[in-house]
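Read the structure below first, then the notes.
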Amino acid sequence: MSFLSVNNQMDLIRRGAEEIIPENEILKKLEKSKNENKPLTIKLGCDPSRPDLHIGHGVVLRKLRHFQDLGHQAVLIIGDFTAMIGDPSGRNKTRPSLTLDEAKANAESYIEQSKVILDIETLKILYNSEWLNAMNFSDVIGLTSKYTVARMLERDDFTKRYQSETPISLHEFLYPLAQGMDSVELKADVELGGTDQKFNLLVGRDLQREYGQAPQCIVTLPLLEGTDGVEKMSKSYGNDIGLMDSPEEKYGKTMSISDGMIVKYFKLAADADEDKVESVEKVLADGKTNPRDVKRELGRAIVELYHGTDSAQAAEQHFDKIIVQKDIPDEMDEIELKSDQLLVDVIASAGLTKSKGEARRLIKQNAVKLDGKTCADINHKLSVGEEVAIKVGKRRFIKVK
RNA sequence: GGGGAGAUGGCCGAGCGGUCAAUGGCAGCAGACUGUAAAUCUGCCGGCGUACGCCUACGGAGGUUCGAAUCCUUCUCUCCCCA
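Set out below in structure tokens:
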């Protein structure tokens, strides 16, 4: 295999990246790799404590894929060790402690999902419990002696939590060190991560130096805000576009992002190159184009990336039908009535609402339509054999027959 | 080791014996307006009952009281100050 020129490689590496630290070092690494015809080791750590991936994760996975496309060795480190330890204090809910089996199951699902982005054939997958579990207490103390409390407190979230008097457990200081040990173990040349990972990635650099290795370069990527345009994309905020979402969902959710996010989404979620990003910026700035149309293009681009052109077209058509024309879908889940039932009960039991109370409220709020006609009667009854399409809110449907 | 403050609904945060399912903000849901954008306005926002009602809920366990998120005891956890 022969590598592209360093400049050409850098064009792709820079795409969408926030920071490359230090840039001259990565150039040297690339040069050396090209001269010796030896791929670089590119590390990406993942946290298997949450099983659902979204296009926010996709940003960094995509970057790893770029390196794969350039011929380098991508390594996915599954942080099963840290997931198992979890957070004994129970304060930090983002890190529940998992059993080995759970961590493993999540890891498998993670790998399965990342297949839509990564070239799984050449991907190397390692579990960090393999080496972290093997460390004994004096190893750990030796490791901690290489870092100071003051430096740890430099990490953004530690600083904030310390200042706002929220607890920081001691063991949390060990996570960056553990992650750094992964880099040492791997002799990583480059580590990727979100900007929130910058501190941890830099610790990896320091530790590699301590252990007599050439320090890794780091490539950080911007965090992608969710569809609300404010919070970081996350399933628990409900503002995510899942990698496993259907084309229709991906398209629809994309259409709901705020205008200010369009460029960023092109850059990070649609993998657009610099030229494309520039032209989008230009079109949005000229004031003649309705941003909605640019967003439609974005929606297609994102769906296309994961599902292909045909699905992108279909998703757009579906969107136009359901949302723009407020029609009902051709296909929806169907249920059969065994006896005459109150509409409220049907909606709740079909799972369209969480409770009967909610169903009742929505009916009162004119949010329920039967075959396109608003039904505000909470006593409305459906009889056996009656065929009707129920629409709750904007996008919850069920067909009764 | 000593002293002080605190733990409330998804989150933040009031309440400090009855009128508290618990003010307010954020998030969420729905409606109006739109480009399913944003902003704005309106309504909803523990569960069951179409209202009155019942059940569950103010860190855990006991207790005082006709009545407790509110008082007492104890346990668990957190923060601050001094050493």
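Start counting the first sequence at 1; every next residue gets the next number (the working numbering). Here a beta-carbon is modelled for each residue, glycine too, at the ideal position from N, C-alpha and C.
Inside the segment 17-76, DSSP marks whole alpha helix (DSSP H) runs of 4 or more residues at positions 23-36, 55-69, from first to last along the chain. Rounded to whole angstroms, the gap between the alpha carbons of Q365 and G252 is 24 Å. Taking the Cα of Y211 as reference, the smallest distance to any Cα among L186, K198, G193 is reached at L186. Close CB contacts of I55 within its chain, under the 6 Å cut and outside five residues either way in sequence, are with I241, A269 (chain order). Membership of V6 in the alpha helix (DSSP H) is indicated by the continuous run 6-14. Judged by DSSP secondary structure, E191 falls within the beta strand (DSSP E) whose first and last residues are 190-194.
With respect to K381, L337 sits apart: the two C-beta atoms are not nearer than 8 Å. According to DSSP, residue pairing for L221 in a beta bridge involves G194. Rounded to the nearest angstrom, the gap between the Cα atoms of I117 and L61 is 7 Å. The segment 11-21 makes no contact with the segment 167-182, as fewer than three CB pairs between them are under 8 Å. In terms of Cα proximity to R50, the closest of L30, N106, M332 is N106. Contact between S236 and G226 is absent: CB atoms are separated by about 10 Å, not below the 8 Å threshold. A direct Cα-Cα distance of roughly 7 Å separates Q313 from R300. Across the structure, F266 and E297 are spaced so that their CA atoms are roughly 9 Å apart.
For I363, the closest of A389, G351, G393 by C-alpha to C-alpha distance is G393.
Put simply, the backbone Cα of G229 is about 22 Å away from that of K63. Only buried fits G180, as 16 or more other CB atoms lie within 10 angstroms of its CB. With respect to F319, M255 sits close: the two C-beta atoms are nearer than 8 Å.
Look at the beta carbons and you see the segment 350-357 not touching the segment 272-287: under three pairs across the two are nearer than 8 Å. Unbroken alpha helix (DSSP H) stretches of 4 residues or longer found wholly inside the segment 304-348: 309-319, given in chain order. G242 is bridged by DSSP to H54. Boundaries of the alpha helix (DSSP H) harbouring A105: 100-114, taken from the DSSP string.
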